[in-house]
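Trainee: Read in order, the letters of the sequence shown correspond to residues 3 to 261 in this note's numbering. Using N, Cα and C, we set each Cβ at its ideal position, and we do this for glycine too. Before I ask anything, let me first share the structure, which is written out below as C-alpha coordinates.
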Amino acid sequence: MPAFDLVQTLIAIACGSAVGFSLALIGGGGSILAVPLLLYVVGVHDPHLAIGTSALAVAVNAFANLIPHARAGHVRWKAAFIFAATGVVGAFIGSTIGKAVNGQRLLVLFALLMIVVAVLMVRGRGRGGPDRYPLPHTNPRLAGVGLGAGALSGFFGIGGGFLIVPGLMLASGMEIIHAIGTSLFAVGAFGLTAAVNYARSGLIDWPVAGAFIGGGVVGGWLGALGAKRLAKTRGALNIVFAGVIVAVAVYMLVRSLRG
3 MPAFDLVQTL IAIACGSAVG FSLALIGGGG SILAVPLLLY VVGVHDPHLA IGTSALAVAV
63 NAFANLIPHA RAGHVRWKAA FIFAATGVVG AFIGSTIGKA VNGQRLLVLF ALLMIVVAVL
123 MVRGRGRGGP DRYPLPHTNP RLAGVGLGAG ALSGFFGIGG GFLIVPGLML ASGMEIIHAI
183 GTSLFAVGAF GLTAAVNYAR SGLIDWPVAG AFIGGGVVGG WLGALGAKRL AKTRGALNIV
243 FAGVIVAVAV YMLVRSLRG
(Lines of atoms letter the chains of each structure in order from A; the text may use other names.)
(Lines give C-alpha, C1' and ligand atoms only; values in the text may rest on other atoms or scores of the structure.)
Protein backbone atom coordinates (compact mmCIF):
# COMPACT_ATOMS: atom_id res chain seq x y z
CA MET A 3 0.00 0.00 0.00
CA PRO A 4 1.47 3.42 -0.95
CA ALA A 5 2.46 5.64 1.95
CA PHE A 6 -0.17 8.26 1.06
CA ASP A 7 -2.94 5.68 1.02
CA LEU A 8 -1.83 4.35 4.40
CA VAL A 9 -1.74 7.84 5.91
CA GLN A 10 -5.17 8.65 4.42
CA THR A 11 -6.59 5.40 5.82
CA LEU A 12 -5.25 6.12 9.30
CA ILE A 13 -6.64 9.66 9.16
CA ALA A 14 -10.04 8.29 8.03
CA ILE A 15 -10.05 5.85 10.97
CA ALA A 16 -9.23 8.67 13.39
CA CYS A 17 -11.95 10.95 11.96
CA GLY A 18 -14.50 8.13 12.03
CA SER A 19 -13.58 7.47 15.65
CA ALA A 20 -14.11 11.13 16.52
CA VAL A 21 -17.57 11.13 14.92
CA GLY A 22 -18.57 7.85 16.58
CA PHE A 23 -17.24 9.01 19.95
CA SER A 24 -19.15 12.30 19.84
CA LEU A 25 -22.37 10.60 18.76
CA ALA A 26 -22.24 8.12 21.63
CA LEU A 27 -21.10 10.72 24.16
CA ILE A 28 -23.63 13.51 23.58
CA GLY A 29 -26.34 11.62 21.69
CA GLY A 30 -26.46 13.47 18.38
CA GLY A 31 -24.99 15.96 15.97
CA GLY A 32 -21.77 14.05 15.31
CA SER A 33 -22.61 12.84 11.82
CA ILE A 34 -22.95 16.45 10.63
CA LEU A 35 -19.14 16.66 10.92
CA ALA A 36 -18.54 13.63 8.69
CA VAL A 37 -18.67 15.58 5.41
CA PRO A 38 -16.28 18.41 6.42
CA LEU A 39 -13.90 15.89 8.00
CA LEU A 40 -13.86 13.86 4.79
CA LEU A 41 -13.31 17.00 2.71
CA TYR A 42 -10.77 18.97 4.72
CA VAL A 43 -8.98 16.35 6.85
CA VAL A 44 -9.14 13.01 5.05
CA GLY A 45 -8.64 14.66 1.66
CA VAL A 46 -11.71 13.65 -0.35
CA HIS A 47 -11.79 16.56 -2.81
CA ASP A 48 -15.17 16.11 -4.50
CA PRO A 49 -18.10 17.32 -2.35
CA HIS A 50 -20.44 14.77 -3.94
CA LEU A 51 -17.96 11.97 -3.24
CA ALA A 52 -17.70 13.09 0.38
CA ILE A 53 -21.49 13.17 0.78
CA GLY A 54 -21.92 9.71 -0.76
CA THR A 55 -19.18 8.26 1.45
CA SER A 56 -20.66 9.96 4.52
CA ALA A 57 -24.12 8.57 3.77
CA LEU A 58 -22.77 5.01 3.74
CA ALA A 59 -20.82 5.49 6.97
CA VAL A 60 -23.83 7.06 8.70
CA ALA A 61 -26.10 4.18 7.64
CA VAL A 62 -23.79 1.44 8.89
CA ASN A 63 -23.15 3.16 12.21
CA ALA A 64 -26.88 3.79 12.72
CA PHE A 65 -27.77 0.12 12.19
CA ALA A 66 -24.93 -0.91 14.52
CA ASN A 67 -26.22 1.42 17.26
CA LEU A 68 -29.79 0.19 16.68
CA ILE A 69 -28.97 -3.25 18.11
CA PRO A 70 -28.56 -2.27 21.80
CA HIS A 71 -31.63 -0.02 21.63
CA ALA A 72 -33.70 -2.86 20.15
CA ARG A 73 -32.52 -5.24 22.89
CA ALA A 74 -33.57 -2.67 25.50
CA GLY A 75 -37.05 -2.41 23.94
CA HIS A 76 -36.60 1.22 22.85
CA VAL A 77 -37.70 0.72 19.21
CA ARG A 78 -41.34 1.17 18.14
CA TRP A 79 -41.10 -1.11 15.12
CA LYS A 80 -44.44 -0.28 13.50
CA ALA A 81 -43.69 3.44 13.65
CA ALA A 82 -40.15 2.80 12.42
CA PHE A 83 -41.35 0.94 9.32
CA ILE A 84 -44.02 3.52 8.45
CA PHE A 85 -41.61 6.43 8.95
CA ALA A 86 -38.88 4.72 6.92
CA ALA A 87 -41.21 3.56 4.13
CA THR A 88 -41.98 7.10 2.99
CA GLY A 89 -38.62 8.40 4.19
CA VAL A 90 -36.62 6.25 1.78
CA VAL A 91 -38.66 7.73 -1.08
CA GLY A 92 -37.77 11.19 0.20
CA ALA A 93 -34.11 10.15 0.63
CA PHE A 94 -33.96 8.92 -2.97
CA ILE A 95 -35.50 12.14 -4.27
CA GLY A 96 -33.28 14.28 -2.03
CA SER A 97 -30.07 12.47 -2.97
CA THR A 98 -30.95 12.65 -6.68
CA ILE A 99 -31.43 16.42 -6.41
CA GLY A 100 -28.25 16.72 -4.34
CA LYS A 101 -26.16 15.02 -7.04
CA ALA A 102 -27.44 17.55 -9.58
CA VAL A 103 -26.60 20.62 -7.47
CA ASN A 104 -23.26 22.35 -8.00
CA GLY A 105 -20.77 21.05 -5.42
CA GLN A 106 -19.79 24.46 -4.04
CA ARG A 107 -23.41 25.57 -3.70
CA LEU A 108 -24.17 22.31 -1.95
CA LEU A 109 -21.40 23.00 0.58
CA VAL A 110 -22.80 26.48 1.29
CA LEU A 111 -26.23 24.98 2.02
CA PHE A 112 -24.58 22.27 4.12
CA ALA A 113 -22.71 24.87 6.19
CA LEU A 114 -25.96 26.76 6.84
CA LEU A 115 -27.58 23.50 7.96
CA MET A 116 -24.68 22.95 10.37
CA ILE A 117 -25.44 26.28 12.04
CA VAL A 118 -29.09 25.25 12.46
CA VAL A 119 -27.98 21.95 14.03
CA ALA A 120 -25.67 23.82 16.43
CA VAL A 121 -28.56 26.03 17.57
CA LEU A 122 -30.76 23.00 18.16
CA MET A 123 -27.98 21.34 20.16
CA VAL A 124 -27.63 24.36 22.43
CA ARG A 125 -31.37 24.47 23.00
CA GLY A 126 -31.25 20.77 23.81
CA ARG A 127 -33.88 18.10 23.44
CA GLY A 128 -36.88 18.39 25.70
CA ARG A 129 -37.95 15.43 27.76
CA GLY A 130 -41.12 15.22 25.71
CA GLY A 131 -43.34 14.40 28.67
CA PRO A 132 -45.11 11.06 29.20
CA ASP A 133 -45.51 8.45 26.49
CA ARG A 134 -48.68 9.27 24.49
CA TYR A 135 -48.05 6.79 21.66
CA PRO A 136 -49.98 6.39 19.48
CA LEU A 137 -51.71 9.72 18.90
CA PRO A 138 -54.84 9.92 16.71
CA HIS A 139 -53.98 9.62 12.99
CA THR A 140 -50.44 8.62 13.88
CA ASN A 141 -49.75 6.60 10.72
CA PRO A 142 -50.40 9.36 8.15
CA ARG A 143 -48.58 11.87 10.35
CA LEU A 144 -45.55 9.57 10.53
CA ALA A 145 -45.65 9.07 6.76
CA GLY A 146 -45.69 12.81 6.06
CA VAL A 147 -42.92 13.72 8.49
CA GLY A 148 -40.85 10.74 7.31
CA LEU A 149 -41.03 11.91 3.69
CA GLY A 150 -39.71 15.36 4.57
CA ALA A 151 -37.00 14.10 6.92
CA GLY A 152 -35.84 11.56 4.37
CA ALA A 153 -35.57 14.19 1.65
CA LEU A 154 -33.37 16.41 3.83
CA SER A 155 -31.25 13.46 4.94
CA GLY A 156 -30.73 12.26 1.37
CA PHE A 157 -29.96 15.72 0.01
CA PHE A 158 -27.13 16.33 2.45
CA GLY A 159 -26.01 12.74 3.06
CA ILE A 160 -26.47 13.06 6.83
CA GLY A 161 -28.17 10.99 9.50
CA GLY A 162 -30.70 13.68 10.34
CA GLY A 163 -31.34 12.41 13.86
CA PHE A 164 -31.63 16.02 15.11
CA LEU A 165 -34.73 16.30 12.89
CA ILE A 166 -36.05 12.72 13.05
CA VAL A 167 -36.22 12.44 16.85
CA PRO A 168 -38.48 15.48 17.42
CA GLY A 169 -40.40 14.53 14.26
CA LEU A 170 -41.24 11.12 15.69
CA MET A 171 -42.27 12.66 19.00
CA LEU A 172 -44.49 15.24 17.31
CA ALA A 173 -46.12 12.80 14.87
CA SER A 174 -46.75 9.88 17.23
CA GLY A 175 -46.51 11.10 20.83
CA MET A 176 -43.78 8.62 21.83
CA GLU A 177 -41.40 9.55 24.65
CA ILE A 178 -37.88 10.60 23.80
CA ILE A 179 -36.10 7.33 24.64
CA HIS A 180 -38.31 5.46 22.18
CA ALA A 181 -37.93 8.24 19.62
CA ILE A 182 -34.13 7.97 19.83
CA GLY A 183 -34.17 4.19 19.43
CA THR A 184 -36.73 4.29 16.61
CA SER A 185 -34.87 7.09 14.83
CA LEU A 186 -31.82 4.88 14.32
CA PHE A 187 -33.78 2.56 12.02
CA ALA A 188 -34.85 5.55 9.94
CA VAL A 189 -31.35 7.07 9.93
CA GLY A 190 -29.93 3.78 8.67
CA ALA A 191 -32.62 3.38 6.01
CA PHE A 192 -32.26 6.96 4.75
CA GLY A 193 -28.47 6.80 4.71
CA LEU A 194 -28.44 3.47 2.88
CA THR A 195 -30.88 4.79 0.26
CA ALA A 196 -28.74 7.87 -0.37
CA ALA A 197 -25.57 5.74 -0.42
CA VAL A 198 -27.01 3.36 -3.04
CA ASN A 199 -28.08 6.32 -5.17
CA TYR A 200 -24.61 7.88 -4.96
CA ALA A 201 -22.92 4.51 -5.54
CA ARG A 202 -24.84 4.15 -8.83
CA SER A 203 -23.00 7.27 -9.98
CA GLY A 204 -19.62 6.09 -8.65
CA LEU A 205 -19.69 8.69 -5.86
CA ILE A 206 -18.47 6.59 -2.92
CA ASP A 207 -14.83 6.16 -1.92
CA TRP A 208 -15.08 2.57 -0.67
CA PRO A 209 -11.67 2.25 1.07
CA VAL A 210 -12.19 5.54 2.92
CA ALA A 211 -15.76 4.53 3.82
CA GLY A 212 -14.52 1.24 5.28
CA ALA A 213 -11.88 2.99 7.37
CA PHE A 214 -14.35 5.64 8.52
CA ILE A 215 -16.90 3.01 9.55
CA GLY A 216 -14.29 0.96 11.42
CA GLY A 217 -13.15 4.01 13.32
CA GLY A 218 -16.77 4.94 14.06
CA VAL A 219 -17.44 1.57 15.69
CA VAL A 220 -14.42 1.92 17.98
CA GLY A 221 -15.19 5.55 18.77
CA GLY A 222 -18.81 4.71 19.52
CA TRP A 223 -17.76 2.02 21.96
CA LEU A 224 -15.40 4.41 23.77
CA GLY A 225 -18.03 7.17 23.76
CA ALA A 226 -20.60 4.84 25.29
CA LEU A 227 -18.19 4.06 28.13
CA GLY A 228 -17.57 7.73 28.76
CA ALA A 229 -21.21 8.77 28.52
CA LYS A 230 -22.13 7.34 31.91
CA ARG A 231 -19.21 8.99 33.64
CA LEU A 232 -19.81 12.37 32.02
CA ALA A 233 -23.62 12.32 32.21
CA LYS A 234 -23.70 15.39 34.46
CA THR A 235 -21.60 17.46 32.05
CA ARG A 236 -23.47 16.64 28.82
CA GLY A 237 -25.07 20.09 28.75
CA ALA A 238 -21.65 21.72 28.75
CA LEU A 239 -20.39 19.21 26.19
CA ASN A 240 -23.31 20.07 23.90
CA ILE A 241 -22.38 23.76 24.04
CA VAL A 242 -18.71 23.07 23.31
CA PHE A 243 -19.56 20.70 20.47
CA ALA A 244 -22.06 23.19 19.01
CA GLY A 245 -19.29 25.80 19.04
CA VAL A 246 -17.06 23.43 17.07
CA ILE A 247 -19.84 22.86 14.53
CA VAL A 248 -20.33 26.62 14.06
CA ALA A 249 -16.58 27.14 13.63
CA VAL A 250 -16.41 24.41 10.99
CA ALA A 251 -19.51 25.83 9.27
CA VAL A 252 -17.94 29.31 9.07
CA TYR A 253 -14.75 27.77 7.67
CA MET A 254 -16.77 25.91 5.02
CA LEU A 255 -18.66 29.07 4.07
CA VAL A 256 -15.44 31.07 3.68
CA ARG A 257 -13.79 28.32 1.63
CA SER A 258 -16.85 27.79 -0.56
CA LEU A 259 -17.63 31.46 -1.18
CA ARG A 260 -14.02 32.23 -2.02
CA GLY A 261 -13.99 29.32 -4.46
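Roughly how many angstroms lie between the CA atoms of G148 and V189, to the nearest whole one?
Mentor: 11 Å
Trainee: Would you kindly work out how many angstroms separate the C-alpha atoms of P138 and S174, rounded to a whole number?
Mentor: 8 Å
Trainee: What is the DSSP secondary structure of Y253, reduced to helix, strand or coil?
Mentor: helix
Trainee: Unbroken beta strand (DSSP E) runs of length 3 or more, entirely within the segment 99-141: which are they?
Mentor: none
Trainee: Determine the direct distance from the alpha carbon of S258 to that of L111, and round the result to whole angstroms.
Mentor: 10 Å
Trainee: Which runs of the alpha helix (DSSP H), 4 residues or longer, sit entirely within the segment 196-242?
Mentor: 208-231
Trainee: In whole angstroms, give me the CA-to-CA distance for A74 and E177.
Mentor: If I take the Cα positions, the gap works out to 15 Å.
Trainee: Tell me whether the beta-carbon of A57 lies closer than 7 Å to the beta-carbon of G150.
Mentor: Between A57 and G150, the gap from beta carbon to beta carbon reaches 7 Å or more.
Trainee: Judging by CA-CA distance, which residue of D7, V9 and I13 is the nearest neighbour of I215?
Mentor: I13
Trainee: Suppose you measure from the CA of L205 to the CA of V21; what does that come to, to the nearest Å?
Mentor: 21 Å
Trainee: Tell me whether the segment 88-104 and the segment 194-209 touch, counting them as touching only if at least three CB pairs, one residue from each stretch, are closer than 8 Å.
Mentor: With the cut-off at 8 Å, the segment 88-104 and the segment 194-209 touch.
Trainee: Does the segment 65-72 come into contact with the segment 35-53, if we say contact requires no fewer than three beta-carbon pairs (one atom in each stretch) closer than 8 Å?
Mentor: no
Trainee: Counting only the same chain and skipping the five closest in sequence on each side, list residues whose C-beta sits under 8 Å from that of I179.
Mentor: In chain order, H76 place their CB closer than 8 Å to the CB of I179, counting only its own chain and leaving out the 5 sequence neighbours on each side.
Trainee: So, at 7 Å on beta carbons, what are the nonlocal neighbours of I15 in its own chain, with the 5 sequence-adjacent residues on each side left out?
Mentor: A213, G216 and G217
Trainee: For a quick check, are the C-beta atoms of F65 and L224 less than 7 Å apart?
Mentor: no
Trainee: May I have the straight-line CA-CA distance separating C17 from R107, to the nearest angstrom?
Mentor: Straight-line Cα distance between these residues: approximately 24 Å.
Trainee: Between the beta-carbon of S19 and the beta-carbon of V248, is there less than 7 Å?
Mentor: No. Outside cutoff.
Trainee: Can you name, in chain order, every residue of its own chain whose Cβ lies under 7 Å from the Cβ of I34, other than the five neighbours on each side?
Mentor: M116, V119, I160 and I247
Trainee: Where D48 and G156 are concerned, what is the direct C-alpha to C-alpha distance, given to the nearest angstrom?
Mentor: 17 Å
Trainee: Excluding five sequence neighbours on each side, which residues of the same chain lie with their C-beta closer than 8 Å to the C-beta of P132?
Mentor: E177
Trainee: By the 10 Å Cβ neighbour count, where 16 or more other Cβ atoms means buried, how is G228 classified, buried or exposed?
Mentor: Burial call: exposed.
Trainee: When you compare only the Cα positions, how much space is there between A86 and V46?
Mentor: Here the C-alpha atom of A86 lies approximately 30 Å from the C-alpha atom of V46.
Trainee: Let me confirm a value: D7 is counted as buried when at least 16 other C-beta atoms fall within 10 Å, else exposed. Which label applies?
Mentor: exposed
Trainee: Return the first residue and the last residue of the alpha helix (DSSP H) that H71 is part of.
Mentor: P49 to R73
Trainee: Just the C-alpha distance for A36 and A26, rounded to the nearest angstrom, thanks.
Mentor: 15 Å
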